[in-house]
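The structure appears below as structure tokens.
There are 2 protein chains.
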Amino acid sequence: MTLEGTQLIGRETVLATGEAFHAIDPSTGETLQPAFPTGGQAEVERASELARAAFDSYRETGLEARARFLETIADKIEGIGDELIERAMAESGLPRARLESERGRTCGQLRLFAKVVRDGEWLDVRIDPALPERQPMPRVDLRQRHVALGPVAVFGASNFPLAFSVAGGDTASALAAGCPVVVKGHPAHPGTSELVGRAVQAAVAECQLPEGVFSLLQGAGNEIGQALVTNPSIKAVGFTGSRAGGTALARLAQNRPEPIPVYAEMSSINPVFLLPEALEARGEALAEGFVGSLNMGAGQFCTNPGLMIGIQGEALDAFLATAAKAVEASGTQTMLTPGIRDAYDRGVAALASSDKAREVARGQSSDAPNQCQTGLFVTKAKDFLADETLQAEVFGATSLVVSCADQDEVKRVAEHLEGQLTATLQMDDADVDFARDLLPTLERRAGRVMVNGWPTGVEVCHAMVHGGPYPATSDSRTTSVGSAAIHRFLRPVCYQNLPQALLPEALRDGNPHGVSRLVDGQREH
Amino acid sequence: MTLEGTQLIGRETVLATGEAFHAIDPSTGETLQPAFPTGGQAEVERASELARAAFDSYRETGLEARARFLETIADKIEGIGDELIERAMAESGLPRARLESERGRTCGQLRLFAKVVRDGEWLDVRIDPALPERQPMPRVDLRQRHVALGPVAVFGASNFPLAFSVAGGDTASALAAGCPVVVKGHPAHPGTSELVGRAVQAAVAECQLPEGVFSLLQGAGNEIGQALVTNPSIKAVGFTGSRAGGTALARLAQNRPEPIPVYAEMSSINPVFLLPEALEARGEALAEGFVGSLNMGAGQFCTNPGLMIGIQGEALDAFLATAAKAVEASGTQTMLTPGIRDAYDRGVAALASSDKAREVARGQSSDAPNQCQTGLFVTKAKDFLADETLQAEVFGATSLVVSCADQDEVKRVAEHLEGQLTATLQMDDADVDFARDLLPTLERRAGRVMVNGWPTGVEVCHAMVHGGPYPATSDSRTTSVGSAAIHRFLRPVCYQNLPQALLPEALRDGNPHGVSRLVDGQREH
Chain B
1 MTLEGTQLIG
11 RETVLATGEA
21 FHAIDPSTGE
31 TLQPAFPTGG
41 QAEVERASEL
51 ARAAFDSYRE
61 TGLEARARFL
71 ETIADKIEGI
81 GDELIERAMA
91 ESGLPRARLE
101 SERGRTCGQL
111 RLFAKVVRDG
121 EWLDVRIDPA
131 LPERQPMPRV
141 DLRQRHVALG
151 PVAVFGASNF
161 PLAFSVAGGD
171 TASALAAGCP
181 VVVKGHPAHP
191 GTSELVGRAV
201 QAAVAECQLP
211 EGVFSLLQGA
221 GNEIGQALVT
231 NPSIKAVGFT
241 GSRAGGTALA
251 RLAQNRPEPI
261 PVYAEMSSIN
271 PVFLLPEALE
281 ARGEALAEGF
291 VGSLNMGAGQ
301 FCTNPGLMIG
311 IQGEALDAFL
321 ATAAKAVEAS
331 GTQTMLTPGI
341 RDAYDRGVAA
351 LASSDKAREV
361 ARGQSSDAPN
371 QCQTGLFVTK
381 AKDFLADETL
391 QAEVFGATSL
401 VVSCADQDEV
411 KRVAEHLEGQ
421 LTATLQMDDA
431 DVDFARDLLP
441 TLERRAGRVM
451 VNGWPTGVEV
461 CHAMVHGGPY
471 PATSDSRTTS
481 VGSAAIHRFL
491 RPVCYQNLPQ
501 ALLPEALRDG
511 NPHGVSRLVD
521 GQREH
Chain L
1 MTLEGTQLIG
11 RETVLATGEA
21 FHAIDPSTGE
31 TLQPAFPTGG
41 QAEVERASEL
51 ARAAFDSYRE
61 TGLEARARFL
71 ETIADKIEGI
81 GDELIERAMA
91 ESGLPRARLE
101 SERGRTCGQL
111 RLFAKVVRDG
121 EWLDVRIDPA
131 LPERQPMPRV
141 DLRQRHVALG
151 PVAVFGASNF
161 PLAFSVAGGD
171 TASALAAGCP
181 VVVKGHPAHP
191 GTSELVGRAV
201 QAAVAECQLP
211 EGVFSLLQGA
221 GNEIGQALVT
231 NPSIKAVGFT
241 GSRAGGTALA
251 RLAQNRPEPI
261 PVYAEMSSIN
271 PVFLLPEALE
281 ARGEALAEGF
291 VGSLNMGAGQ
301 FCTNPGLMIG
311 IQGEALDAFL
321 ATAAKAVEAS
331 GTQTMLTPGI
341 RDAYDRGVAA
351 LASSDKAREV
361 ARGQSSDAPN
371 QCQTGLFVTK
381 AKDFLADETL
391 QAEVFGATSL
401 VVSCADQDEV
411 KRVAEHLEGQ
421 LTATLQMDDA
431 DVDFARDLLP
441 TLERRAGRVM
451 VNGWPTGVEV
461 CHAMVHGGPY
471 PATSDSRTTS
481 VGSAAIHRFL
491 RPVCYQNLPQ
501 ALLPEALRDG
511 NPHGVSRLVD
521 GQREH
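So the sequences go chain by chain: B and L.
Counted from 1, the first sequence has number 476 at position 476 by the UniProt record's numbering; the numbering is strictly sequential.
Counted from 1, the second sequence has number 303 at position 303 by the UniProt record's numbering; the numbering is strictly sequential.
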């Protein structure tokens with residue numbers, strides 16, 4: 001397939017007229033063809049209007065038809081073949097194995113949402129039948145289902161050019177819910193975006209859906225994003241990216257004449273608590289596991305372990321010594337973009353120049369373009385508690401170890417943390433009382449609490465929560481990974497005394513779709 | 001019980017030092033004793049801190065203990081006896097039968113939430129067991145439940161001094177979810193609030209719960225409310241009231257260092273569509289039913305039918321003539337407060353002075369204090385479409401009839417409407433095609449769609465949606481009436497590889513609470 005550098009608006013391909021940008025191969029600094037002229041207000045309006053026009057029809061596609069559409073997208077993405085992997089490698093600097101696995105995850109989650117759609121639990125059907133004889137007042141017939149919110153704007157993320165991008169989790173869950181999607185592609189991987197966008201476009205056509213179900217807008221700068229979030233046809237936003245970006249979008253959405261929900265997954269330093277017995281018994285193994293997790297994907301995961309917390313003493317010193325060796329042995333890795341590399345260097349420099357943090361070790365360096373040099377710093381708990389800037393996420397392979405005087409100080413550090421995607425306990429059996437004591441705080445602070453694992457690696461399944469209190473996300477009531485993500489794009493509607501012919505099929509007598517229902521408070525399957 | 005005019009902060013009663021205010025009997029204008037000194041920042045901080053301190057303990061109360069607490073509140077409210085009804089009558093001008101029925105509703109919904117808590121579906125337990133043999137990567141053990149958001153600020157509403165006030169739907173659903181509650185009582189009924197607040201306080205003590213589970217703050221002015229919404233211990237807000245008030249609170253909450261969700265139920269004119277065959281066949285009965293609904297509670301319901309839409313012609317003229325007679329025969333009724341009466345008079349005056357609306361009829365007038373004089377106005381669809389101010393809610397017994405040229409214009413009016421709590425179709429069998437054509441628009445615009453009923457009357461049950469797109473509420477994804485309201489105050493947490501001893505009981509092997517679970521995507525009961 002020849003890349004054209006076009007916007008995909010409904011069934012059309014449109015060459016925009018804004019300033020052109022190019023992808024850059026971060027491993028070489030080389031500019032990649034073709035040029036992508038930036039879209040603007042006109043393209044946003046056209047895509048949003050098509051999405052609005054498609055909404056009433058698309059949201060009422062049957063469960064089977066919608067599931068087939070999601071599966072067709074997955075098939076079409078796989079059908080692109082190696083061209084997709086090669087372009088994504090060139091645009092992201094990520095290795096082949098990682099991108100092949102990410103493609104599997106992307107298609108797997110589209111197929112998971114197909115299953116979820118077919119199952120129909122997401123409709124949350126509730127029926128309270130009429131009670132005409134009830135005293136003192138009869139009860140009318142009341143039936144509830146969930147309907148799609150409306151067209152959704154999805155912002156592709158840089159760090160997962162497939163799984164959190166054009167046909168990633170936000171798009172999959174919004175389409176599953178019955179929402180048309182307008183994607184703003186991430187400018188770091190426009191070619192990858194175009195390839196995937198064409199696959200979705202082809203799936204829309206093959207499934208004979210209204211063309212406005214999907215559009216892909218591309219551009220450098222903020223104009224497209226701002227225009228999308230303020231467009232009256234857009235009814236919700238999915239975003240994965242920086243805290244500043246997500247917070248700005250949330251403000252913009254809240255200040256619309258009709259405010260809309262923004263699901264922004266933003267910032268997390270993913271604290272890991274090294275409990276005393278575990279640290280004593282297996283500090284070296286923990287140090288090696290930690291640095292392995294830290295270096296994964298050049299540290300460019302939302303769940304990168306950016307904060308380690310332990311109690312000062314010989315065991316923590318030994319942990320630090322082993323971790324320092326592992327860090328020093330760490331080779332450089334290519335970061336996603338020059339901008340991300342610059343931000344990483346600034347974050348590391350801020351730690352290095354802080355009088356409250358001390359450098360423990362740096363990884364190997366390299367003169368190759370856009371390399372991430374691993375970093376490890378240490379601070380005392382009293383300094384960490386006194387300086388909010390030490391909680392700032394450094395996106396990349398650098399972590400800060402907080403040395404606490406005692407268990408009480410560990411608790412104070414936990415209580416002091418901002419909202420997180422994850423919180424981890426490294427513990428042995430004898431640490432269980434301490435762990436139990438920390439757990440309520442961690443539940444309040446994080447979306448996922450884990451024991452004896454590392455936060456990198458987010459399973460796509462039913463029980464996953466990839467979310468958490470602000471600033472981890474803008475809305476802690478949900479998840480952006482896993483099947484529960486569909487609920488972000490739904491709202492309940494109640495139907496009172498509608499004749500059978502007017503009722504949505506899922507609510508009719510006899511349960512024609514065979515979905516789970518709550519009838520008069522009793523669950524029926 | 002002697003009213004003391006105190007704040008109820010945890011187990012204490014505190015006489016505040018702010019400027020005192022009194023309730024007023026709106027039917028006589030008489031000032032009611034005692035004085036209520038307004039609480040301030042100190043009381044907000046104390047109540048919020050107690051709520052924060054109570055949270056970790058209260059949110060982990062067992063299902064049975066929490067259900068019993070809700071039932072105990074209901075028992076204690078009933079235990080107040082006639083004193084509660086008499087004080088509420090004096091403070092609201094509402095008749096005895098209405099308040100007795102409202103007390104029944106209030107206690108009924110506390111008991112409904114007790115059932116919901118016991119049932120445990122709200123926990124949304126999901127378990128994806130470990131798959132150690134999976135290739136290429138094993139799966140870890142992942143389990144999800146929902147936990148309470150944190151302390152909730154609830155703003156009592158003026159128009160339901162029991163059912164949407166101190167122990168109303170917001171409080172009941174927040175307590176059911178495991179959230180401590182700090183209520184800001186509505187200054188129109190401080191005595192009613194104190195009586196109910198003491199009942200809740202007694203229930204907290206009897207159930208041996210931490211005192212911070214409930215506090216009641218009272219005061220005139222906005223200081224308490226603003227201090228509550230910006231207090232860092234408060235994690236969500238429930239509000240029923242004006243559009244200006246709800247929007248201001250939502251902005252305040254969004255601009256906190258840690259933004260929090262606001263569930264504000266605000267403004268709705270509840271359009272009723274008079275479809276041609278129904279209007280032709282039974283226009284007189286519709287007119288009488290309409291004016292009955294319009295006058296209910298002096299029009300002071302969120303679901304008052306403020307907008308009637310029909311196609312011009314003889315049938316609509318006949319409907320208007322009958323409605324005009326019914327309006328003219330309507331006696332006055334006492335409104336809740338002098339402020340609400342003044343706002344009503346201003347709203348009616350704006351319609352009367354608009355060159356786009358024409359007065360059809362006014363009800364009887366009276367020199368008694370704070371009386372609502374029923375009003376009926378008519379406008380042409382083209383004027384309605386051109387003037388946003390004609391969509392402004394007039395809180396009270398006044399409605400606007402929109403006369404449309406044809407079916408297309410009815411659709412344009414429907415599409416032009418802001419978000420609504422309800423939308424109603426008055427229809428006969430021969431109207432079904434027209435109704436089907438309107439339905440997608442109404443689903444997008446309203447939380448509840450009904451046929452051949454009137455919007456006043458909101459059943460407390462499982463299928464109810466008392467919600468809708470902005471400005472009906474600040475968050476269309478939920479309801480403030482009915483059992484689904486519990487979901488507003490919950491967020492998911494995922495537990496990865498936790499040993500059984502650390503797992504919350506609801507997630508342990510063997511399902512000790514016997515709740516519904518989604519295990520590896522399969523529903524188990």
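Note that CB positions come from ideal geometry on N, CA and C, so glycine has one too.
Within chain L, partners of M450/B - CB distance below 7 Å: Annotation: Cβ neighbours of M450/B in chain L (cutoff 7 Å, chain order): Q496, N497.
Short-range partners of chain L found in the stretch 329 to 349 of chain B, where Cβ spacing is below 9 Å: none
Taking a Cβ distance cut-off of 8 Å, strictly less, list which residues of the stretch 144 to 156 of chain L are near chain B, in chain order. Q144, V147, L149, G150
Inter-residue spacing [alpha-carbon to alpha-carbon] between T17/L and P37/L: 6 Å
For D128/L, the three-state DSSP class (helix, strand or coil): strand
Does R134/L pass the burial test, meaning 16 or more other C-beta atoms within 10 Å, or should it be called exposed? exposed
Cutoff 8 Å: A435/B Cβ touching any chain L Cβ: yes
G93/B - DSSP class collapsed to helix/strand/coil: Coil at G93/B, not helix or strand.
Using 10 angstroms around the beta-carbon of E265/B, count the other beta-carbons present and answer buried if the total reaches 16, otherwise exposed. buried
Identify each residue in the stretch 469 to 480 of chain L for which the Cβ-Cβ distance to at least one residue of chain B is less than 9 Å, and report them in chain order. P469, Y470, P471, S474, D475, S476, R477, T478, T479
How would you call E102/B, buried or exposed, if buried means at least 16 neighbouring beta carbons within 10 angstroms? buried
Within chain L, the residues that G108/B reaches when beta carbons sit closer than 8 Å: Going along chain L, no residue has its Cβ under 8 Å from G108/B, so there is no contact; the nearest lies around 12 Å.
Using DSSP bridges, identify the partner residues of G191/L. According to DSSP, which records beta bridges pairwise, G191/L is partnered with nothing at all.
Please look up how many angstroms separate the CB atoms of L99/L and I77/L, rounded, as I've assumed it's under 8 Å. Wrong, their Cβ atoms sit about 12 Å apart, outside the cutoff.
Using a Cβ-Cβ cutoff of less than 7 Å, which residues in the same chain neighbour E43/L once the five nearest sequence positions on both sides are dropped? Here the set comprises Q7, I9, V14, A16, L217.
Just tell me which of G299/L, L142/L, F395/L has its CA closest to the CA of I127/L. L142/L
Just to confirm, is the Cβ distance from H146/L to R491/L under 8 Å? yes
Could you check what DSSP says for F301/L in three-state terms: helix, strand or coil? Look at F301/L here: in three-state DSSP terms it is coil, with no helix or strand label.
By alpha-carbon positions, which one of L502/B, G29/B, V401/B ends up nearest to L274/B? Checked all of L502/B, G29/B, V401/B; the closest Cα to L274/B is V401/B.
Quick one: complete beta strand (DSSP E) runs, 3+ long, within the stretch 158 to 212 of chain L? Look at the stretch 158 to 212 of chain L and you find these whole runs of beta strand (DSSP E), each 3 residues long or longer: 181 to 184.
Beta-carbon within less than 7 Å of V460/L's beta-carbon, same chain only, minus the 5 sequence neighbours each way: which residues are those? R105, G108, Q109, L112, V481, G482
Can you pull the chain B neighbours of C461/L, defined as C-beta to C-beta under 7 Å? D128, L142
Contacts that P261/L makes with chain B (C-beta to C-beta distance below 8 Å): D475, R477
Closer than 9 Å by beta-carbon distance: list the chain B residues that pair up with F525/L, in chain order. Note on identity: in this sequence residue 525/L is His, with Phe being the wrong assignment. Under a criterion of Cβ atoms nearer than 9 Å, the residues of chain B adjacent to H525/L are, in order, R523, H525.
When the Cα of G74/L is compared with those of D355/L, A199/L, V183/L, which residue comes out closest? The residue asked about is misnamed: residue 74/L is Ala in this sequence, not Gly. Nearest of D355/L, A199/L, V183/L to A74/L, Cα basis: A199/L.
May I ask you to check if the CB of E328/L is nearer than 7 Å to at least one heavy atom of the ligand HEM? This structure does not include the ligand HEM; it has no bound ligands of any sort.
Do Q300/L and F155/L have their beta-carbon atoms positioned less than 8 Å apart in this structure? no
In chain L, which residues lie with their C-beta within 7 Å of the C-beta of S92/B? Those within 7 Å of S92/B in chain L number zero; the least Cβ separation is about 21 Å.
Could one say the Cβ of P492/B lies closer than 8 Å to chain C's Cβ atoms, at least one of them? Checking the listed chains, one finds no chain C in this structure; the protein chains it contains are B and L.
Bridge-paired residues (DSSP) for G310/B: S403/B
Beta-carbon neighbours of R139/B, restricted to chain L and to distances below 9 Å: E459, C461
How would you list, in chain order, the residues of chain B whose beta-carbon sits under 9 Å from the beta-carbon of K115/L? Neighbours of K115/L on chain B, chain order: G521.
At 8 Å on the CB atoms, spell out the chain L contacts of E443/B, in chain order. V147, V493
N- and C-terminal bounds of the beta strand (DSSP E) containing E359/B: Run containing E359/B: 357 to 362, per the beta strand (DSSP E) assignment.
Count the other C-beta atoms from every protein chain shown that fall within 10 angstroms of the C-beta of H525/B, then say buried if there are 16 or more, exposed otherwise. exposed
Helix, strand or coil for K325/B, going by three-state DSSP, please let me know. helix
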